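Visitor: Residue numbers (my numbering): 9 to 298.
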């Protein structure tokens, strides 16, 4: 046993790494194997060659347009969530009375879930919701304003459910930046905006990139909101809904898997672009602690 331990140590293998075996098995069983199975299934259509499912998807404009429809909803939602979380998290980093209560209110939407959020949007912003009733009663509009059952409804749902997630991530990254750096800059005459632009923002760039990627992935995989507060047959027919239709309505397993793979590839392209652009703002350690 001792000899085996020494041989493993000579090869740079610590036996404590075996503690990772359960986690590795969990990842293989729940992520890698289903993904590999889906990739293999996408190349096994009932008719045509191995790439028929992909060819069919890109040849059909109704299916192909789901890529851009989803991007038009997910990208703005991710940008708004990250952009809104930065000033709020920056203010929340300091101490003030009622900080815990404000933090709790900001993260409460995370506990609501998609269905309750959609129900709230329908009740408040629907054609007969309180907002339209107020607008109609005051004569500001002649007809109800459409804020649900379209892309606006899905966008608002993604912002409400995604902001707490982005806020917590940005707050954690901001908390890791040494505040003495800003104090040192202040003693040298740098104003608040200069300190934020020259010190905080560059150090925060890795965290913002990661937060945007995670928030974008959550938004791009939108499905319930597109059905509950959107128009799944029209302007909010997102790519996840197209995959669901192929799998559960048309029972085309290869087509559904192919659409899911395309969906993952689009996400990887966006993530790669964001992480590549991150180096334009910050080239130091990923931790960003200064």
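In this text, a Cβ means the ideal position worked out from N, Cα and C, and glycines have one as well.
Given the structure is predicted, the values throughout are model-derived calculations rather than measurements.
Residue 2 to residue 246, Cα distance in whole Å?
Guide: Because the chain spans 9 through 298 in this model, residue 2 falls outside it and cannot be assessed.
Visitor: Between 122, 75, 177, which has its C-alpha nearest residue 233's C-alpha?
Guide: Taking the first residue of the chain shown as 1, we reach residue 233 at position 225. Per the Cα distances, 122.
Visitor: Residue range of the alpha helix (DSSP H) that residue 180 falls in?
Guide: Position 172 of the chain shown holds residue 180. Residue 180 -> alpha helix (DSSP H) spans 159-183.
Visitor: Three-state secondary structure (DSSP) at residue 93?
Guide: As a working mapping, residue 93 is identified with position 85 in the chain shown. Looking at residue 93 - three-state DSSP - the assignment turns out to be helix.
Visitor: Buried or exposed for residue 201, please, with buried defined as at least 16 other CB atoms from any protein chain shown within 10 angstroms of its CB.
Guide: What you label residue 201 is simply residue 193 of the chain shown in a count that begins at 1. Answer is exposed; the Cβ neighbour count stays below 16.
Visitor: Would you mind sorting residue 65 into buried or exposed? The rule is 16 or more other CB atoms within 10 Å of its CB.
Guide: The residue labelled residue 65 in the question sits at position 57 within the chain shown. Buried.
Visitor: According to DSSP, is residue 147 part of a helix, a strand, or is it coil?
Guide: One-based indexing of the chain shown puts residue 147 at position 139. Residue state, collapsed to three classes: coil.
Visitor: Going along the chain, which residues of its own chain have a beta-carbon closer than 7 Å to the beta-carbon of residue 174, five neighbours each way excluded?
Guide: Counting from one through the chain shown, the residue named residue 174 turns up at place 166. Same-chain partners within the cutoff: 89, 90, 93, 219, 223.
Visitor: Could you have a look at residue 295 and say whether DSSP puts it in helix, strand or coil?
Guide: Locating residue 295 in the chain shown gives position 287, counting from the first residue. Low confidence applies here, because residue 295 scores a pLDDT of 47, under 50, leaving its location unreliable and the question unanswered by this model.
Visitor: So, is residue 281 buried or exposed, given that buried needs 16 or more other C-beta atoms within 10 angstroms?
Guide: One-based indexing of the chain shown puts residue 281 at position 273. Residue 281 comes out exposed.
Visitor: How far does the alpha helix (DSSP H) with residue 113 in it reach, from first residue to last?
Guide: By one-based count along the chain shown, residue 113 stands at place 105. Note, residue 113: alpha helix (DSSP H), 107-115.
Visitor: Could you pull the start and end residues of the alpha helix (DSSP H) that residue 104 belongs to?
Guide: The count along the chain shown starts at 1 and reaches residue 104 at position 96. Neither: residue 104 is in no alpha helix (DSSP H) and is coded neither H nor E.
Visitor: Tell me whether the beta-carbon of residue 254 lies closer than 8 Å to the beta-carbon of residue 269.
Guide: Numbered from its first residue, the chain shown carries residue 254 at position 246. Numbered from its first residue, the chain shown carries residue 269 at position 261. No, the pair does not count as a contact, with Cβ atoms beyond the cut-off.
Visitor: So, do the region 172-188 and the region 105-125 have three or more beta carbon pairs nearer to each other than 8 Å?
Guide: Contact between the region 172-188 and the region 105-125 is present, because at least three Cβ pairs lie under 8 Å.
Visitor: What residue from 241, 276, 287 has the CA that sits closest to residue 71's CA?
Guide: Taking the first residue of the chain shown as position 1, residue 71 is located at position 63. Considering only alpha carbons, the answer is 241.
Visitor: Excluding the 5 residues preceding and the 5 following residue 43 in the sequence, name in chain order all residues of the same chain whose CB lies nearer than 7 Å to its CB.
Guide: Along the chain shown, read from residue 1 onward, the residue named residue 43 stands at position 35. Around residue 43: no qualifying Cβ.
Visitor: Does the beta-carbon distance from residue 214 to residue 105 come in below 8 Å?
Guide: Start at 1 with the first residue of the chain shown, and residue 214 comes out as number 206. Start at 1 with the first residue of the chain shown, and residue 105 comes out as number 97. No, Cβ-Cβ distance for residue 214 and residue 105 is not below 8 Å.
Visitor: Under a three-way DSSP split, which group does residue 244 fall into?
Guide: The residue given as residue 244 occupies position 236 in the chain shown. Of the three classes helix, strand and coil, the one that applies to residue 244 here is coil, per DSSP.
Visitor: Please state the DSSP three-state secondary structure of residue 229.
Guide: Indexing the chain shown from 1 puts residue 229 at position 221. Coil, per DSSP.
Visitor: Between residue 78 and residue 251, what straight-line distance do the alpha-carbon atoms span, to the nearest angstrom?
Guide: Here the question's residue 78 lines up with position 70 in the chain shown. Here the question's residue 251 lines up with position 243 in the chain shown. Going from the Cα of residue 78 to the Cα of residue 251 covers about 13 Å.
Visitor: How many angstroms separate the CA atom of residue 112 from the CA atom of residue 100?
Guide: Taking the chain shown and counting its residues from 1, one reaches residue 112 at position 104. Taking the chain shown and counting its residues from 1, one reaches residue 100 at position 92. Taking the straight line from one Cα to the other gives about 12 Å.
Visitor: Taking the C-alpha atoms as reference points, what is the distance between residue 165 and residue 84?
Guide: In the chain shown, residue 165 corresponds to position 157, counting from 1. In the chain shown, residue 84 corresponds to position 76, counting from 1. The straight-line gap from Cα to Cα measures roughly 12 Å.
Visitor: For a quick check, are the C-beta atoms of residue 156 and residue 97 less than 8 Å apart?
Guide: To locate residue 156, count along the chain shown from 1; it is residue 148. To locate residue 97, count along the chain shown from 1; it is residue 89. Their beta carbons are not under 8 Å apart, which means residue 156 does not touch residue 97 by this criterion.
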